[in-house]
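Just so we're aligned: the sequence shown equals residues -21 to -1, 1 to 196 in mature numbering (1 follows the signal peptide of the UniProt record, and there is no 0).
We treat Cβ as the ideally placed atom computed from N, Cα and C, and that holds for glycine.
As the structure is a prediction and not an experimental result, all values here were calculated from the model.
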Amino acid sequence: MTIAPARLLALTLCAGLAACAHNRQPCPPPAPGTAGAGGLPDWHDAITDPDHVRLRDWRKAFVTGLDQARGDGHGAEIDAQGRLLDPDTAMDGATLPVGFYRCRVIKLGSRDAGRLTYIAYPEHRCEVRPSDSLTRLIELDGLQRPSGRLYPDGPSRTVFLGTMILGDEQKPITYGRDVDRDMVGAVQRIGEHQWRMLIPDPAWESKIDVMELVPEG
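This is the structure we're talking about:
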């Protein structure tokens, strides 16, 4: 039986990702030019209209959140984070390797008056694992745990589409079913072994959530 080239590429990618996940070691990202190749899913076909607007306006949400936090006296805390909280620091190599990560979230700005405009949460453990022909990012600890698929979108950005797992829930609801649970993120590489995911205008609390991801080990 002859396997179509597109199907063969997808199978090869899946096999490589599965091997990395089994060994619990980060794998190198796909070679440049593979994003969207071989019939891989395209985030444009999956994203909801509200999330498309949020993703488009991510930088506006980032700047607004920073301005609100600085206005409330958090300038020193922001500056101490360096590249993590610099809107214009993305590098090529946005694809998150399969493996386990130390991840932490900083919430910037507030959707409502009177709320805190800078909140830094402790580290949690996250994992990037194979998911069909793509990969999935899931936070493994905490009361609010993002879980979603990662879509290639060029060398300097990966698009995250997922939902929030709450409390003792065991699995995520399907993306697109509940606007209050849906999440969209822009994953960027900001250092040799450092990535971040920007979650603009989340349903609750902040103007933007910034998740730092650093590989374990």
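Return helix, strand or coil for residue i, following the three-state DSSP convention.
i	result
P181	coil
E191	strand
T13	With a pLDDT of only 40 at T13, under the threshold of 50, the placement of this residue in the model should not be trusted; the figure read from the coordinates follows. Reduced to three states, the DSSP call for T13 is coil.
G170	strand
G164	strand
G18	helix
P134	coil
Q4	Note on Q4: pLDDT 44, under 50, position unreliable in the model; the coordinate value appears next. The answer is coil: DSSP assigns Q4 none of H, G, I, E or B.
Take the Cβ of residue i as the centre, count every other Cβ of all protein chains shown within 10 Å, and call the residue buried at 16 or more, exposed below.
i	result
D111	exposed
W22	buried
D188	buried
T114	buried
Q167	buried
W107	Before going on, a small fix: residue 107 reads as Val here, not Trp. So V107 counts as buried.
E191	buried
A10	With a pLDDT of 38 at A10, under the threshold of 50, the modelled position of that residue is not reliable, and no figure is offered here.
A40	buried
L64	buried
G196	exposed
L145	exposed
R175	buried
So, for residue i: in the same chain, excluding its five sequence neighbours on each side, which residues have a beta-carbon less than 6 Å away from its beta-carbon?
i	result
E118	H103, C105, R124 and P125
A165	W37, R136 and L177
G121	H103
A25	L140
Residue i to residue j, Cα distance in whole Å?
i	j	result
A73	D91	32 Å
E148	D71	35 Å
P7	P76	Note that P7 has pLDDT 44, beneath the 50 cutoff, so the model's placement of it is unreliable and the number below is only indicative. If I take the Cα positions, the gap works out to 6 Å.
S185	L45	11 Å
R128	P109	9 Å
L140	G54	31 Å
residue 198	D30	The structure shown does not extend to residue 198, since the chain spans only -21 to 196, so no value can be given for it.
E56	T142	29 Å
D51	R81	28 Å
M42	A182	Correcting the residue type first, residue 42 is Val in the shown sequence and not Met. Approximately 18 Å, taken between the alpha carbons.
V138	A99	23 Å
D157	T27	11 Å
S89	P179	12 Å
G155	T68	30 Å
G18	R94	44 Å
Y130	P20	7 Å
V163	L116	12 Å
P133	V32	It should be pointed out that residue 133 corresponds to Gly in this sequence rather than to Pro. Roughly 19 Å between the two C-alpha positions.
R83	A59	15 Å
If I measure Cβ to Cβ from residue i and keep anything under 7 Å in the same chain, skipping five residues before and after, which residues do I get?
i	result
G170	R62
R160	T142, M143 and I152
So, at 8 Å on beta carbons, what are the nonlocal neighbours of residue i in its own chain, with the 5 sequence-adjacent residues on each side left out?
i	result
Y97	A48, D51, H53, E56, I57, I85, K86 and L87
H172	V193 and P194
Would the C-beta of residue i count as close to the ligand MG, meaning under 8 Å from any of its heavy atoms?
i	result
E195	No copy of the ligand MG appears in this structure; indeed no ligand is present at all.
Just list the beta strand (DSSP E) runs in the region 28 to 109, keeping only unbroken ones of 3 residues or longer that don't cross its boundaries, in chain order. 78 to 87 and 97 to 99
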